[in-house]
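Last residue of the sequence shown: 278 (my numbering), numbering continuous.
Beta carbons are placed, not taken as given, at the ideal position from N, Cα and C, and that holds for glycine.
As the structure is a computational prediction, the values presented were derived from the model and not from experiment.
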Amino acid sequence: METMRAIAPEPRPATSETLATYYGTLLQHFGPQHWWPARTRLEVIVGAILTQNTSWRNVEVAVARLRRAGLLQHRALLNAPLSRLESCIRPAGYYRQKARTLKAFASFFEDQFGGSFHRLFHLPMGECRARLLSIKGFGPETADSVLLYAGKFPIFVVDAYTRRILSRHGLVPPDADYATTQAMVHQHLKPETKVYNEFHALLVETGKTYCRPQQPRCSSCPLRPFLPVAGPVLVAGSLANSPAWALAAEEAE
Ligand code: SF4
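Okay, here's the thing in structure tokens:
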């Protein structure tokens with residue numbers, strides 16, 4: 026276990042070379058991750074909604090229950106009684122809120138795009154993002170996951186793993202928000218869907234395997250050579266990027 030510093034330094038300047046090195050190193054270490062693990066674009070979107078605040082294992086269970094119930098079609102989601110949806114996705118946690126978000130997406134998709142992914146993803150990326158963010162229950166991470174993994178747009182998804190790894194390496198400030206972290210990656214990594222897809226998936230794998238919330242396993246981590254000389258950065262409160270539910274979900278992975 027690596028000792029962490031409790032003082033925040035100025036972030037190290039990230040460069041295109043830095044991010045390319047991180048990306049190449051992780052790809053070599055873990056290999057391609059083949060994300061998003063889903064059969065259809067609707068299933069990607071359902072997964073992106075359900076994965077908030079829980080582990081992927083719980084999402085898989087909930088998606089399998091939706092499939093068995095014949096609910097992995099947007100009109101089926103739209104027409105199903107809310108209580109039936111809630112019952113199916115209960116293993117993913119926050120099921121009341123998530124059931125409403127699933128219905129809100131299905132309604133948005135039917136009303137504004139006639140249930141056509143071609144029409145939805147034919148919009149310019151910025152407009153598509155704004156429309157997705159207008160759905161009740163959609164935040165930036167959900168919207169960008171949909172854009173990248175279902176719409177194949179070149180947009181980088183930021184999550185708690187990304188912020189933790191990049192801030193521990195001093196590449197973003199420990200309190201960097203979603204937009205700041207995303208802008209840094211967009212600035213230094215070329216806007217290719219394939220690269221953004223893979224880099225996000227690789228950072229998630231790094232976070233799960235090595236960059237644990239409380240006790241990072243730096244000694245065996247492939248990113249160990251790129252740590253600041255003084256070790257990973259931990260600022261009091263920096264784990265606020267990973268709230269209690271996220272820490273619990275990760276520790277259970
Ligand atoms: S990414 Fe790896 S080397 Fe960097 S802080 Fe996390 S565990 Fe340590």
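When the distance is taken between beta carbons, is isoleucine 180 closer than 7 Å to alanine 129?
As a working note, residue 129 is residue 104 in the sequence shown. As a working note, residue 180 is residue 155 in the sequence shown. Going by C-beta atoms, alanine 129 is not nearer than 7 Å to isoleucine 180.
Taking 7 Å as the limit between beta carbons, can you name the residues of its chain near proline 216, skipping five residues before and five after?
Here the question's residue 216 lines up with position 191 in the sequence shown. Hits under 7 Å: Pro179.
Are alanine 175 and isoleucine 74 close, meaning C-beta to C-beta below 7 Å?
Taking the sequence shown and counting its residues from 1, the one referred to as residue 175 is at position 150. Taking the sequence shown and counting its residues from 1, the one referred to as residue 74 is at position 49. Taking 7 Å as the Cβ cut-off, alanine 175 and isoleucine 74 do not qualify as a contacting pair.
According to DSSP, simplified to helix, strand and coil, what is glutamate 152?
Counted from its first residue, the sequence shown places residue 152 at position 127. Secondary structure of glutamate 152 (DSSP, three-state): helix.
Which residues end up in the neighbourhood of ligand 1 when you take C-beta atoms closer than 7 Å to any of its heavy atoms?
Every residue passing the under-7 Å Cβ criterion appears here: Glu27, Ile190, Arg193, His194, Thr231, Tyr235, Cys236, Pro241, Arg242, Cys243, Cys246, Leu248, Arg249, Leu252, Pro257.
Residues in the same chain with beta-carbon distance under 6 Å from threonine 218, minus the five sequence neighbours each way, listed in chain order, please.
As a working note, residue 218 is residue 193 in the sequence shown. Closer than 6 Å at the Cβ level, and outside the excluded window around threonine 218, lie Lys177, Pro179.
Between the Cα of proline 38 and the Cα atoms of Gln240, Val197, Lys233, which residue gives the shortest distance?
The count along the sequence shown starts at 1 and reaches residue 38 at position 13. With distances taken between Cα atoms, proline 38 lies closest to Val197.
Can you list, in chain order, the residues of its chain with a C-beta nearer than 8 Å to that of threonine 46? Leave out the 5 residues immediately preceding and following it.
The residue labelled residue 46 in the question sits at position 21 within the sequence shown. Phe251, listed in sequence order.
Under 7 Å between the Cβ atoms of histidine 99 and phenylalanine 134?
For this step, residue 99 is matched to residue 74 along the sequence shown. For this step, residue 134 is matched to residue 109 along the sequence shown. Result yes, Cβ atoms of histidine 99 and phenylalanine 134 sit closer than 7 Å.
Look at the alpha carbon of arginine 121 and the alpha carbon of leucine 96, and state the distance between them as a whole number of angstroms.
For the purposes of this step, residue 121 is taken as residue 96 along the sequence shown, with counting starting at 1. For the purposes of this step, residue 96 is taken as residue 71 along the sequence shown, with counting starting at 1. Cα-Cα distance, rounded: 16 Å.
Same chain only: Cβ atoms within 6 Å of threonine 187, ignoring 5 sequence neighbours per side
One-based indexing of the sequence shown puts residue 187 at position 162. Excluding residues within five positions, the ones whose Cβ falls inside 6 Å are Leu228.
Shortest alpha-carbon distance to glutamine 77 belongs to which of Leu214, Thr126, Ser108, Arg154?
Counted from its first residue, the sequence shown places residue 77 at position 52. With distances taken between Cα atoms, glutamine 77 lies closest to Thr126.
Might you give, ordered along the chain, the residues of its own chain that have their beta carbon closer than 8 Å to the beta carbon of leucine 107, omitting 5 neighbours on each side?
Here residue 107 refers to the residue found at position 82 when the sequence shown is read from its first residue. Only Ala124, Arg125, Lys128 meet the Cβ criterion.
If you draw a straight line from the C-alpha of glycine 56 to the C-alpha of arginine 66, how long is it?
In the sequence shown, the residue the question calls residue 56 occupies position 31. In the sequence shown, the residue the question calls residue 66 occupies position 41. Distance between the alpha carbons of glycine 56 and arginine 66 is about 24 Å.
Secondary structure at tyrosine 47, three-state DSSP: helix, strand or coil?
Indexing the sequence shown from 1 puts residue 47 at position 22. Annotated three-state conformation of tyrosine 47 is helix, per DSSP.
Is the beta carbon of alanine 131 sitting closer than 7 Å to the one on leucine 103?
Mapped onto the sequence shown, residue 131 falls at position 106. Mapped onto the sequence shown, residue 103 falls at position 78. Result yes, Cβ atoms of alanine 131 and leucine 103 sit closer than 7 Å.
Under 8 Å by Cβ, that's how I've got leucine 173 and cysteine 153 pegged, so tell me the actual separation to the nearest angstrom.
As a first step, residue 173 must be located in the sequence shown, where it is residue number 148. As a first step, residue 153 must be located in the sequence shown, where it is residue number 128. No, leucine 173 and cysteine 153 are not in contact; Cβ-Cβ is about 11 Å, not under 8 Å.
Checking 7 Å against the spacing of the C-beta atoms, do arginine 238 and proline 257 come in under that value?
Within the sequence shown, numbered from 1, the residue matching residue 238 stands at position 213. Within the sequence shown, numbered from 1, the residue matching residue 257 stands at position 232. Arginine is not the amino acid found at residue 238; the sequence shown has proline there. It is not a contact, given that the beta carbons lie outside the stated cut-off.
Report buried or exposed for aspartate 184, applying the criterion of at least 16 other Cβ atoms within 10 angstroms of its Cβ.
For this step, residue 184 is matched to residue 159 along the sequence shown. It is buried - the Cβ of aspartate 184 has at least 16 other Cβ atoms within 10 Å.
Counting C-beta neighbours from all protein chains within 10 Å, is the total for arginine 93 16 or more, i.e. buried, or is it exposed?
Taking the first residue of the sequence shown as position 1, residue 93 is located at position 68. The residue is exposed, with fewer than 16 neighbouring Cβ atoms inside 10 Å.
Taking only the alpha-carbon atoms, compute the straight-line gap between alanine 201 and serine 112 and give it to the nearest angstrom.
As a working mapping, residue 201 is identified with position 176 in the sequence shown. As a working mapping, residue 112 is identified with position 87 in the sequence shown. Cα to Cα, alanine 201 sits roughly 37 Å from serine 112.
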